[in-house]
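Mapped onto numbering that gives the first Met the number 0, the consecutive letters of the sequence shown carry residue numbers 0 to 119.
Worksheet: the structure to be examined is printed underneath.
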Amino acid sequence: MLIMKALLRGGIPFIIMSGIALLLYFQGKYSDAKGTFVVSLIAFFVGAASIIYNIEHWSLTKQSAVHFVIMLITIYPILLLSGWFTITSVFDAFKIFILFVFVGIILWSVLFTLAIIFSW
């Protein structure tokens, strides 16, 4: 059941955005097509992994830690391979990792705050 929900949460944006990427590709907008496809991959993994927060018998700490690990093994490599960043050294990859963690903390904090606000 959770796997089906995960596939729906990640699959719907992936299919839509991949379709847009395909249209851009056929229009000769190769760079835009690649960027849109990369975003579709990110949307897939983020959407699918969000199901972790529906496992009620896990603590928020465990949910967040598992989500971080999943993002680390999926999103971080996508960022490294996306071509969005210049990577000429291990230090460059480390800077991208720091950005990845910083953006993750900001997004987690905002979404956590919104969840609290809208649960009242």
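Note that the Cβ used here is the ideal one computed from N, Cα and C, for glycine as well.
These numbers come from a predicted model, not from an experiment.
- If you check the CB distance, I69 and F44 come in under 9 Å.
- S17 and S39 have their C-alpha atoms some 6 Å from each other.
- Counting only the Cα atoms, D91 lies some 10 Å from L79.
- Look at the beta carbons and you see the stretch 47-64 not touching the stretch 24-37: under three pairs across the two are nearer than 8 Å.
- For the pair A42 and K33, the CB atoms are not nearer than the 9 Å cut-off.
- Membership of K33 in the alpha helix (DSSP H) is indicated by the continuous run Y29 to A48.
- A distance below 7 Å between beta-carbons, with the five flanking residues on each side excluded, links A48 to the following residues of its chain, in chain order: H66, I69 and M70.
- In this model, V37 and I77 are separated by some 7 Å (Cα to Cα).
- Apart from sequence neighbours up to five positions away, the residues of its chain that approach I74 with a beta-carbon distance below 8 Å are I41, F44, V45 and F99, ordered along the chain.
- Just so you know, the alpha carbons of L59 and A114 end up roughly 12 Å apart.
- A direct Cα-Cα distance of roughly 30 Å separates S108 from D31.
- In the displayed model, M0 falls within coil according to three-state DSSP, outside both helix and strand.
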